[in-house]
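Per our numbering: the sequence shown ends with 585, consecutive numbering throughout.
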Amino acid sequence: MVARIVAAGLVSDPRVIEALGVVPRHLFVPKALVAEAYGDHALPIGAGQTITQAANVGRAAELAAIRPDARVLEIGTGSGYQAAVLARLAGQVFSLERIPELAAEARRVLAFLGVRNVSVKVFDGTYGWREHAPYDAIVVAAAAPDIPAPLVSQLSATGRLVVPVGPANRQRLLVVKKLPSGRTRTEDAGDVAYVPLVGKFGWGKAPTEVGS
Ligand code: SAH
374 MVARIVAAGL VSDPRVIEAL GVVPRHLFVP KALVAEAYGD HALPIGAGQT
424 ITQAANVGRA AELAAIRPDA RVLEIGTGSG YQAAVLARLA GQVFSLERIP
474 ELAAEARRVL AFLGVRNVSV KVFDGTYGWR EHAPYDAIVV AAAAPDIPAP
524 LVSQLSATGR LVVPVGPANR QRLLVVKKLP SGRTRTEDAG DVAYVPLVGK
574 FGWGKAPTEV GS
């Protein structure tokens, strides 16, 4: 899987390649899907959500330019797979998930793997996690209608926010970079497809919740 991602030119940072190679993706998918865990595609993890495609995890991590001492915020813990990859690259990872059952299962797998530098909390991640801000990198694992303003405000002076922005099934992966002047510069890193970011500064409701 990792060799294919590298061959496709999606990831080139050696630290990111190492992290993708080391984290056992099969532990983060339902037992019935273990055989498919190393195909580079999204897989269902319950509650209508999916584990992030490994190529997208690598791509986002690379764009976030995570240093070994970095403090990272992830929005959308899901299975915990991306959190485990980020934990390998960073000093400390804080991860927010809106669905309690997914957060509980992710915590269980991360503990099983002995990953100690990830804190998972059930919360609407579109607000960020102010208590631990500022972050050197914020990686959003779900697609927002616009760049969520609270996340930009929680970046460090040189921080980077990686966030997919756009409607269902087709988004642009945006990288918001804080500049020394305090301003930001946004770059477009191409097409992606993520599940929706549901919350105050995301889509108001999940598609299945609309009208309910
Ligand atoms: N990084 C995860 C990806 C899971 S899919 C993995 O590697 O498995 C995206 C996740 O974002 C889903 O679990 C979904 O419930 C969560 N999510 C969506 N909107 C959210 C919000 N506002 N706050 C926190 N989590 C959110």
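Each residue gets a CB set at the ideal place from its N, CA and C atoms; glycine is no exception.
Alpha carbon of residue i to alpha carbon of residue j, nearest angstrom
{"i": "Tyr-411", "j": "Ser-554", "result": "42 Å"}
{"i": "Tyr-508", "j": "Val-565", "result": "24 Å"}
{"i": "Val-549", "j": "Leu-393", "result": "24 Å"}
{"i": "Arg-503", "j": "Val-384", "result": "30 Å"}
{"i": "Val-536", "j": "Ala-515", "result": "8 Å"}
{"i": "Glu-391", "j": "Glu-435", "result": "12 Å"}
{"i": "Ala-405", "j": "Gly-419", "result": "12 Å"}
{"i": "Ile-439", "j": "Gly-464", "result": "9 Å"}
{"i": "Leu-534", "j": "Val-389", "result": "17 Å"}
{"i": "Ala-381", "j": "Ala-517", "result": "26 Å"}
{"i": "Ser-585", "j": "Gly-577", "result": "Note that Ser-585 scores 37 on pLDDT, short of 50, meaning its location in the model is unreliable; the coordinates nonetheless yield the value given after this. Distance between the alpha carbons of Ser-585 and Gly-577 is about 12 Å."}
Residue i versus the options, residue with shortest Cα-Cα distance
{"i": "Val-571", "options": "Val-538, Val-430, Ala-443", "result": "Val-538"}
{"i": "Lys-363", "options": "Ile-472, Val-482, Val-513", "result": "No information on residue 363 is available, as it lies outside the stretch 374 to 585 that the chain covers here."}
{"i": "Lys-573", "options": "Gln-426, Asn-490, Ile-520", "result": "Ile-520"}
{"i": "Asp-386", "options": "Ser-529, Val-396, Ala-433", "result": "Ala-433"}
{"i": "Glu-447", "options": "Gly-501, Ser-526, Ala-428, Pro-540", "result": "Gly-501"}
Beta-carbon gap between residue i and residue j smaller than 8 Å
{"i": "Gln-422", "j": "Leu-469", "result": "no"}
{"i": "Arg-545", "j": "Gly-563", "result": "yes"}
{"i": "Gly-575", "j": "Thr-450", "result": "no"}
{"i": "Arg-377", "j": "Asp-413", "result": "yes"}
{"i": "Val-466", "j": "Val-430", "result": "no"}
{"i": "Val-375", "j": "Ala-437", "result": "no"}
{"i": "Leu-547", "j": "Thr-557", "result": "no"}
### Query
Is the segment 436 to 456 touching the segment 389 to 405 in the sense that three or more CB pairs, one from each, lie closer than 8 Å?
yes
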